[in-house]
Amino acid sequence: MLSVENLTKTYKTGDKALSDVSFSVEKGQVVGLIGPSGAGKSSLIRCVNRLVEPTSGAIKLNGTDLVGLGAGDLRRARRRIGMIFQEYALVERLTVMENVLSGRLGYVSFWQSFTRRYPGSDIERAYRLLDRVGLMAHADKRADALSGGQRQRVGIARALSQEPELLLVDEPTASLDPKTSRQIMRLLIEICQERDLPAIVNIHDVPLAQQFMQRIIGLRAGQVVFDGTPDQLTEDVLTTIYGAEDWTAMRKGTEEDEQAERDAAREMARLGA
Amino acid sequence: MTSYPTTWKRPPQIFKHRGWRIGLQLAVLVWFVLAIGTIDANWERIAAGMERGLRFVQGFLQPDFTSRWSDIYGGLIESLTMTFTSTIVGIAISVPIGIGAARNVAPRAVYYVCRGIIAVSRALQEVIVAIFFVAMFGFGPFAGFLTLSFATIGFIAKLLAEDIEDIDETQAEAIRATGASWWQLINYAVQPQVMPRLIGLSLYRFDINFRESAVIGIVGAGGIGATLNTAIDRYEYDSAGAILLIIIGIVLIAEYGSSYLRKFLQ
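Chains as they are written, first to last, in my numbering: chain A, -10 to 262; chain B, 103 to 368.
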């Protein structure tokens, strides 16, 4: 179970991306996170595995508070959290198999990963997952040889190979066509049910969220303004979330992404220390 | 109906005022005339030199590969050995320095140290470094090997660091999100992205090093350059011509070979 308590994120420039966000996600529950660009969806999801450093608050995954973990403990916590990205974020020049096995990096030694000698159970799991997402025949292809939908399936297999206790999904369908989007969403939902996995899914597409999610949280300007079932998401609620026409929020969206990137770069530098 | 103009002129971009533009052009012209006046050409010497120049050109037209062949062959082998060893050693040292000099993967302190090493290596021209090493270790290919290794570090490390800074960060983010360590991040997210370019740069550096080995040989760092220097000192322009033709030939082979390999690797 994941519980987020009073989470606040203020970027160095003084922009408040999240203020006092609290919610919890039960086992097996798939939560859709909707809101306009710049509402803090991307920051929220990245605060959970601390790709973005939260300013204050607590994030508890099955009892452990992820905020304030040291480098080693953070790595051990991250390997329990699978993440799926908007632009798939596969390592393009590695094979599909290497991409799936890279989900095991937190569990194996550097030498094992460097020589690509993963334990037999990891390799078996990787094949099983590739079969599950329907890409058994593509294991030895390079990731950049696949189509968008296939790449996202590899992304899902990579996240699952971590044997995660939580899935973070960032705009999984934003780069896909409507049909592939629905296939990918259905696959995600099925997998979460099979494994009793909780998931947080950032999603732009409101109808898609209503079709697939069990619960929807609406963010606006870094605050939770709606938390309920898809049926409760009425026109009025959508107006509170998105506003009639909120141009300033859209401009803030790109700013927020840039800040998240800068934060990530700093984090990388810190890890090296 | 409004009538629109039928002519258009590009507005001045840098100096908006006409006076500034004319003044600046005049200043450059005056400077150029004054400067060229201070280069005094010795016309008698030039007339005498024409004959020597002609002999040099004739030497090229009738290159003599045979009479100094054993010297040429020895110099060539020495140069190729120097090139090969210095490229390998230089790259081996450049890779860690290049990673350290990439702002997005290295901690601040390491970054500044590595950038400093690169700056020193790039600031010193090969010939100057060669003179220094010859003074330190004596004439011969060892000084040349050290010079070329040193120059390779500045070149490869700088370009590698820039390539690492340009990687697709989302791939790195995804690898970090799996709980990977820093070494695993380098191996899984950075290396696949920069490897083709690193190989291309290494091959390119190989032919730069061969060309440089000819130049630094002239200041005593061994190799084909030393042979070339001896031939010119003895006024054996036909042998010198043969050596230059061989250098051009090998550079061409290396050039085409490396561009073919780079295309193959992409």
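For glycine and all other residues, C-beta sits at the position ideal for the given N, C-alpha and C.
Under the DSSP assignment, F12(A) falls in the beta strand (DSSP E) whose first and last residues are K5 to V14.
About 19 Å separates the beta carbon of L58(A) from that of I277(B), a gap too long to meet the 8 Å contact definition. Per DSSP, reduced to three states, the secondary structure at I116(B) is coil, with no helix or strand assignment. The C-beta distance from E179(A) to R69(A) rounds to 21 Å, too long to meet the 8 Å contact threshold.
Taking 8 Å as the upper bound for CB-CB distance, S150(A) and R106(A) are not in contact here, some 16 Å apart. Remark: fewer than three beta-carbon pairs, one from each stretch, lie closer than 8 Å, so the segment 281 to 291 of chain B and the segment 237 to 246 of chain B are not flagged as touching. Contact between S315(B) and G327(B) is confirmed by a C-beta separation of about 6 Å, below the 8 Å threshold. Going by C-alpha positions, L165(A) is about 14 Å away from R175(A).
Beta-bridge partners assigned by DSSP to T(-3)(A): S45(A). Residue burial annotation: R209(A) is buried, with at least 16 other C-beta atoms found within 10 angstroms of its C-beta. Contacts between F99(A) and chain B, judged by CB atoms closer than 7 Å, involve S283, W285 and Q286 in chain order.
With contacts defined as CB atoms closer than 8 Å, R147(A) and S91(A) qualify as a contacting pair. Per DSSP, the beta bridge partners of D216(A) are I206(A). For D340(B), the uninterrupted alpha helix (DSSP H) run begins and ends at Y339 to L367, by DSSP. The criterion of a C-beta distance shorter than 8 Å is satisfied by G17(A) and D185(A). DSSP lists G21(A) and V158(A) as the bridge partner or partners of V190(A).
Rounded to whole angstroms, the gap between the alpha carbons of T162(A) and I192(A) is 8 Å. Cβ contact annotation for I174(B) (same chain, cutoff 8 Å, sequence separation greater than five): F167, I326, T329, S341, A344, I345 and I348, in chain order.
When Cβ-Cβ separations below 8 Å define contact, E271(B) makes contact with chain A. The residue among M(-10)(A), E81(A) and P196(A) with its C-alpha nearest the C-alpha of P298(B) is E81(A). Across the set S31(A), P196(A) and S(-8)(A), the C-alpha of S31(A) shows the shortest separation from the C-alpha of L7(A).
Selection D265(B), E264(B) and S251(B) evaluated against R307(B) yields S251(B) as nearest (Cα-Cα). In its chain, beyond the 5 residues on either side, L55, A66, R67, I70, M72 and L157 have a beta carbon closer than 8 Å to the beta carbon of N38(A). I193(B): member of the alpha helix (DSSP H) spanning W171 to G202, first to last residue. Excluding sequence positions up to five before and after A253(A), its CB lies within less than 6 Å of the CB of L40, all in the same chain and listed in chain order. S164(A) does not reach chain B, its nearest Cβ partner there being about 12 Å away, counting only Cβ pairs nearer than 9 Å. Pairing V231(B) with A253(B) gives a Cβ-Cβ distance under 8 Å. The residue from R313(B), G121(B), D335(B) and D309(B) with its alpha-carbon nearest to that of Y358(B) is D309(B). At a cut-off of 8 Å between beta carbons, M86(A) makes no contact with chain B. Close partners of E76(A) in chain B (Cβ separation under 7 Å): T272.
When DSSP assignments are scanned along the segment 239 to 306 of chain B, the uninterrupted stretches of alpha helix (DSSP H) that are 4 or more residues long and fall wholly within it turn out to be 243 to 267, 271 to 279 and 284 to 287. In the same chain as N311(B), and ignoring 5 residues on each side of it, the C-beta atoms closer than 7 Å to its own belong to T185, S188, T189, L250 and T254, in chain order. With a beta-carbon spacing of about 6 Å, V213(A) and V10(A) fall inside the 8 Å limit used to define contacts. Counting only Cβ-Cβ distances below 8 Å, V80(A) has contacts in chain B at Q273, A276, I277, Y290, A291, P294 and Q295, in chain order. Taking 8 Å as the threshold, the shortest C-beta distance from G57(A) to chain B does not fall below it.
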